[in-house]
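Peer 1: Handing you a structure now.
There are 4 protein chains.
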Amino acid sequence: MYFASDNAGPAHPKVMEALIAANEGYAMGYGADPIMEEVRAQVRTVFEAPEAAVFLIINGTAANSVLLGTMAQPWQTIFCSDCAHIHEDECNAPEFYTGAKLTLVPSPDGKMTPDGLRSKILAEENRGVHGPQRGPLSITQVTEKGTIYPLDELRALTATAQEFGMKTHLDGARFANALAALDCSPAEMSWKLGVDTVSFGGTKNGALGVEACVIFDPDLAWEFELRRKRGGHLLSKHRYLSAQMQAYLADGLWLELADAANARCAQLAAGLRSFSAARIMFEPQANIIFFEMPRREHKRMLDAGAVYYVMNGDPDNGDADELLIGRLVCDWSITSEQVSQFLDLLHG
Amino acid sequence: MYFASDNAGPAHPKVMEALIAANEGYAMGYGADPIMEEVRAQVRTVFEAPEAAVFLIINGTAANSVLLGTMAQPWQTIFCSDCAHIHEDECNAPEFYTGAKLTLVPSPDGKMTPDGLRSKILAEENRGVHGPQRGPLSITQVTEKGTIYPLDELRALTATAQEFGMKTHLDGARFANALAALDCSPAEMSWKLGVDTVSFGGTKNGALGVEACVIFDPDLAWEFELRRKRGGHLLSKHRYLSAQMQAYLADGLWLELADAANARCAQLAAGLRSFSAARIMFEPQANIIFFEMPRREHKRMLDAGAVYYVMNGDPDNGDADELLIGRLVCDWSITSEQVSQFLDLLHG
Amino acid sequence: MYFASDNAGPAHPKVMEALIAANEGYAMGYGADPIMEEVRAQVRTVFEAPEAAVFLIINGTAANSVLLGTMAQPWQTIFCSDCAHIHEDECNAPEFYTGAKLTLVPSPDGKMTPDGLRSKILAEENRGVHGPQRGPLSITQVTEKGTIYPLDELRALTATAQEFGMKTHLDGARFANALAALDCSPAEMSWKLGVDTVSFGGTKNGALGVEACVIFDPDLAWEFELRRKRGGHLLSKHRYLSAQMQAYLADGLWLELADAANARCAQLAAGLRSFSAARIMFEPQANIIFFEMPRREHKRMLDAGAVYYVMNGDPDNGDADELLIGRLVCDWSITSEQVSQFLDLLHG
Amino acid sequence: MYFASDNAGPAHPKVMEALIAANEGYAMGYGADPIMEEVRAQVRTVFEAPEAAVFLIINGTAANSVLLGTMAQPWQTIFCSDCAHIHEDECNAPEFYTGAKLTLVPSPDGKMTPDGLRSKILAEENRGVHGPQRGPLSITQVTEKGTIYPLDELRALTATAQEFGMKTHLDGARFANALAALDCSPAEMSWKLGVDTVSFGGTKNGALGVEACVIFDPDLAWEFELRRKRGGHLLSKHRYLSAQMQAYLADGLWLELADAANARCAQLAAGLRSFSAARIMFEPQANIIFFEMPRREHKRMLDAGAVYYVMNGDPDNGDADELLIGRLVCDWSITSEQVSQFLDLLHG
């Protein structure tokens, strides 16, 4: 009953096998390994983007930060959701890599609206040289609340950005989960909508630790490489990154795993809905559920061995009736039995 | 015949086995995995430093940069060899993480001298608020030229630093190779000599990609953690770093591998010495050899399948008699047979 | 009828005279001039802070940025009003000098509330190493809306900061105007309330360009000096900064000028209140008025030669009835006659 | 007998008069003052560069740093003399504003040679993504040793830079002194030779504190403005900068003052040459002299009231015969009588 995070589960066996296979003999370092050649081709095929620049990096914070460093100037502000990972969970890494500021767009359910974005853009940029200048937009898909932008909503955001001459970055730490839910193609969820760069996650969905940075304008490739190196993020034994991504993309494993995680989450959501003391806060569309439940129920579940985060209070101390927010995350490795076990426990 | 770099060989099977074993079930992320507990204890035991703060990071550039960030202020200058990795091979990452400058101490054979260091310290710091201030010293052991500081030379450098109130960082990307050569203890080569922090390498000596950052003053631990996170260097699925270091340190594997690499290098050096057209440039004390040889001989070797770097010219084009510098590096995986094959070819 | 800004008026004759007097003979540079000795004593006397470190700098952006650089760590967030100058008008200078983030506390009338501050502090700091850490609080007095925190409101804010171990910076670009309005002592409006550092403005109140940075903890002095120099803000011919501040502080000139500016603003406010088409938005307590008025009236005034900013629209184009916000600022040099001329014109 | 620095003398009366004249009535801030319009035209005329972008800033460190920030990328290295002001006297400000590294070209007499520069360029840039990349060249004219590059030597340096695709910055803190000595035009000493940007000094030659940043490629203007603002270097009451530069450039005052300073220096050099115990170290071509003299003679002069820096030792303590280096600097305000007084004392 481990629903704490999708970074707590194991890597998929096929990814481990690829890692082991890659550990044969000698290979040039720093991205010149032959597997990286293959990964580059895979990513380009997956995105239907034969010119795209493709780089691997160890985690989502690094992917976001180096990409944004390549897109933003230090006198600009980056527009993002007020619950974006780049704002809340990266300890100023985006600021470190860009020198820029973040402007937070209200997103109660995790999603920015075009009007909310526009209003922030207009508010920022009316002070000439005195204020921060308009930098890129960063959209998180799947959002931090577990919701998903449908394609038309994404398009409305990128169109708003384009109207002001701004580029768009997609934080796709859970890109696969969104794609599985929307049933569209990677191209349809990225460059066909006006997305310029993607942090394409692997870590949360079956890898040990690898993300692809996809840049649709290949002219930015060299700058990205220099920024990655300057951040200490170029791996010498790079083949171990390549092998993970190779296996992740081969034969659609990545979508298969995301489908599984989403399905377990749907099963979980259905069970929660039928438990009267719990209330799901946002429609769970991928692999994350936020729900409210009295402290006493959280305590009961946690004491019985369920593992998940209670976001806004101590489950052990306080008014037993107080509603506390819990977060449940399913990764690819959660089984239907584990979900049933949790739900059986919940319904007592 | 692969002598290009010690980052081109495979990871040791025991490291891979540990990785596979670590891939079971769920584990808390971000360094809270149980293996990290064990690694912390291992490193403290190895260094006889029960209070030391211990952190893992993906590569040497990151280890050096985050450690120096924790030690240097942005208005200071860091003293290092003029061929130090932090100067030549990290694309300004140390400057990025510290904001500081580097002051280069001449080191023709890779080693700084106390007099050379003192002279640079005195030259920098005589301008009050106008010039950069004295920051830490960073020593590379094994040096970039394959030489090793004996303990008394190390001590003379740290003593010079201490005389001016400066701390000392040890870039130990090849710490194991130096230790194997000097036959002393890790404590004797670090804090007992006045070293304050160590980048303790694993990547070049049998790991996939892991370095330990060892900080003997535990008061700096939290700042290090924040700087590591802000650099995007905190891994979510941290157990895969932990497992590598655990296996690397278990049962003295790390020293065994370094011994092997050093021994292959000694075998190679002996063979080179008996080849009259080649001249070894610095006494090879660990696993790296720099040697001069006419272009024609380099070309002959490379055409025959030897893999190594020629540092200062194109082996294929130019005066056949011109002496060019070659670099040979042995990692743990090089066999005695491979060395013999190279030497047989050399001696024709 | 020049109400555009308090940086548009001339310097006071006594300041100019001091500048001329300072231009005699030779003087050591970089703050070692004898006038600076005197200024240091003046500021310490004014603030009843005999140990305070005192430095001069050319403008408010630099004063704020270097002071905050000395107070904040790059992994922290600085708490400030959502209309603070450091957020809106300094083009990321505070981020540049600190590496930190700004957390914006809602302040509809320019003033943060203790509850609003507390709520932001609690929201930021609950994510361990992942989120930004708590950095200093920066309070603007007079606020950007022309309002003033009474002493008890200031105290409630600094007390909230102290409760969380945070230091407080006071952006006093209009410190004199606030003091004149509150009729208290500089010490009462700063360190006696728990303020740790002050940007003490001179530029907007009769100087050519000088601010004092006052640091009540003298242990931070040397770091400030290094940060000022590293920002390019240490003047070689420093006596010209010193002379301005000397004259500004001599014989209470600074308070006299602020009194005059505040009085003109009160006169202006009284006249506006009796004009039915205008509505004052925040109680003007110092030398700034924000007011709403139909576009047609703004246009009439501006066409007739009044100079001030219309903040949220083009006074020349659009619905004549639409209410637009105007900002009127009085500096020390505005005369009662100029105000009367404006009001006569307004009342037509 | 004040030869300590050319930042220790007063501002020229005409500059002060212009400042006083500028202090009339209201003026738009932040560079929108009418005098700045005039200054822009003056500088463009002086440099025969009708398209050049022209900005004012308070001192040389800021001018150099913001200009280099506009020219260099954070993964590059800037090539400069090993005694350049940007290296020795700016407390890492260039590193702060650029993120880049400095590569020091040996310059025993203050001057880089094309071969020395080429050798450093080639040494830096042979490591692909691993090492710092080639950034701009920064040349100091007059050098820190008081020597001057003739035009053909300047041209050889900029040509070397251009050969590698590098831009050139000229640190002209003493531009006027060099021009006066070389008897050429500003254009001939800048863009006609391939110089891309100039820090055009005023402070050391009769102003209170102002430098012009001249950028011959106007496309960089907006980025410069944003970087200046972000550094806290945009003055609100900008007219006081404008007025200084206006008077400085009017009627050739700047060249007249530099001529005077150079002439006093020549007088001083002639007198030193006839004093057998002193030895001039570099041919003084502008307004600075470095000379060696026994400690006893330095002590005698300083005790008698001469003011200048002894660079490498305490004049009061040590072997009386030891040769110590003294530095004499003449600013525009030094009179022939003051020089004679010094020389009479010397010859005693």
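Protein chains in written order, with our numbering: chain A, 824 to 1171; chain B, 824 to 1171; chain C, 824 to 1171; chain D, 824 to 1171.
For every residue, glycine included, the Cβ atom is placed at its ideal position computed from N, Cα and C.
Just so we're clear, the structure is a prediction, and the values are computed from it rather than from any experiment.
Checking contacts by CB at 8 Å: is C/K924 closer than that to chain E?
Peer 2: In the displayed structure, chain E is absent; the protein chains listed are A, B, C and D.
Peer 1: Using DSSP with H/G/I as helix, E/B as strand and the rest coil, what is C/D994?
Peer 2: strand
Peer 1: For the beta strand (DSSP E) that B/M1116 lies in, which residues bound it at each end?
Peer 2: Per DSSP, the unbroken beta strand (DSSP E) holding B/M1116 starts and ends at 1111-1117.
Peer 1: Taking 8 Å as the CB-CB cut-off, is C/W1155 touching chain A?
Peer 2: Nearest CB-CB separation between C/W1155 and chain A: not below the 8 Å threshold.
Peer 1: Is there at least one Cβ from chain A nearer than 8 Å to D/E1048's Cβ?
Peer 2: yes
Peer 1: Which term fits D/T868, buried or exposed, when burial requires 16 or more other beta carbons within 10 angstroms of its beta carbon?
Peer 2: That one is exposed.
Peer 1: Give me whichever residues DSSP pairs with D/G1149 in a beta bridge.
Peer 2: D/F1114, D/V1133
Peer 1: For a quick check, are the C-beta atoms of D/G1055 and C/A885 less than 8 Å apart?
Peer 2: yes
Peer 1: Which first and last residues belong to the beta strand (DSSP E) in which C/R1062 is found?
Peer 2: Note, C/R1062: premise wrong, no beta strand (DSSP E); alpha helix (DSSP H) at 1062-1072.
Peer 1: A/C1088 to A/P931, Cα distance in whole Å?
Peer 2: Approximately 21 Å between the Cα atoms of the pair.
Peer 1: For D/T936, which option in D/I971, D/A916, D/T921, D/G954 has the closest C-alpha, if you only look at C-alpha atoms?
Peer 2: D/T936 has its Cα closest to that of D/I971, out of D/I971, D/A916, D/T921, D/G954.
Peer 1: Quick one: residues in its chain with C-beta nearer than 8 Å to the C-beta of C/N882, no 5 flanking neighbours on either side, listed in chain order?
Peer 2: Same-chain partners within the cutoff: T1026, G1032, E1034.
Peer 1: Which residue wins for smallest C-alpha separation from C/G1171, given the options C/N1110, C/R1102, C/R1123?
Peer 2: C/R1123
Peer 1: When the Cα of A/V1152 is compared with those of A/Y1063, A/S1022, A/T991, A/E967, which residue comes out closest?
Peer 2: A/E967
Peer 1: Between which residues of its own chain and A/R1062 is the CB-CB distance below 6 Å, once the five residues before and five after are set aside?
Peer 2: Here the set comprises A845, A850, D856, I858.
Peer 1: Taking any Cβ of chain A, which residues in the stretch 938-951 of chain C have a Cβ under 7 Å from it, in chain order?
Peer 2: R950
Peer 1: Which stretch, first to last residue, makes up the beta strand (DSSP E) that contains D/L925?
Peer 2: 924-928
Peer 1: Where does the unbroken alpha helix (DSSP H) through D/T921 begin, and where does it stop?
Peer 2: 916-921
Peer 1: Using a beta-carbon distance below 8 Å, is D/R957 in contact with chain A?
Peer 2: D/R957 does not count as touching chain A.
Peer 1: Apply the 10 Å Cβ neighbour rule to A/S904 and answer buried if 16 or more other Cβ atoms are within range, or exposed otherwise.
Peer 2: A/S904 should be labelled buried.
Peer 1: Could you tell me which whole beta strand (DSSP E) segments of length 3 or greater appear in the stretch 1032-1066 of chain A?
Peer 2: 1034-1038
Peer 1: Could you pull out every unbroken alpha helix (DSSP H) segment of at least 4 residues lying fully inside the stretch 933-986 of chain B, listed in chain order?
Peer 2: 937-947, 974-986
Peer 1: Determine, for C/P833, whether the minimum Cβ-Cβ distance to residues of chain D falls below 8 Å.
Peer 2: yes
Peer 1: Beta-carbon of B/L1058 versus every beta-carbon of chain A: anything under 8 Å?
Peer 2: Residue contact with chain A for B/L1058: present (Cβ-Cβ distance below 8 Å to some residue of chain A).
Peer 1: Answer yes or no: does any C-beta atom of chain D fall closer than 8 Å to that of C/K837?
Peer 2: Not an interface residue.
Peer 1: I need the boundaries of the alpha helix (DSSP H) containing D/L1168, first residue and last residue.
Peer 2: 1159-1170
Peer 1: Give me the subset of the stretch 1024-1054 of chain C whose CB atoms are less than 9 Å from a CB atom of chain B, sorted by chain position.
Peer 2: W1045, E1046, E1048, L1049, R1050, R1051, K1052, R1053
Peer 1: Could you check where the alpha helix (DSSP H) with C/A1089 kicks off and where it finishes?
Peer 2: 1076-1096
Peer 1: Apply the 10 Å Cβ neighbour rule to C/D1144 and answer buried if 16 or more other Cβ atoms are within range, or exposed otherwise.
Peer 2: exposed
Peer 1: Identify, in the order they occur along the chain, each residue of the same chain with its Cβ nearer than 8 Å to the Cβ of D/P973, setting aside the five sequence neighbours on each side.
Peer 2: L1005
Peer 1: So which residues of chain B does C/W898 contact, with C-beta pairs closer than 8 Å?
Peer 2: L1049, R1050, K1052, R1053
Peer 1: Is it true that the CB of C/R1096 sits closer than 8 Å to the CB of D/A916?
Peer 2: no
Peer 1: Of all the CB atoms in chain C, is at least one closer than 8 Å to the CB of A/N915?
Peer 2: yes
Peer 1: Just checking: is the beta-carbon of D/Y1132 within a distance shorter than 8 Å of some beta-carbon in chain C?
Peer 2: no
Peer 1: Judging by CA-CA distance, which residue of D/L927, D/A979, D/W1045, D/M894 is the nearest neighbour of D/H910?
Peer 2: The residue among D/L927, D/A979, D/W1045, D/M894 with its C-alpha nearest the C-alpha of D/H910 is D/L927.
Peer 1: Name the DSSP bridge partner or partners of D/F878?
Peer 2: In the DSSP output, where bridge partners are listed per residue, D/F878 has D/C1036.
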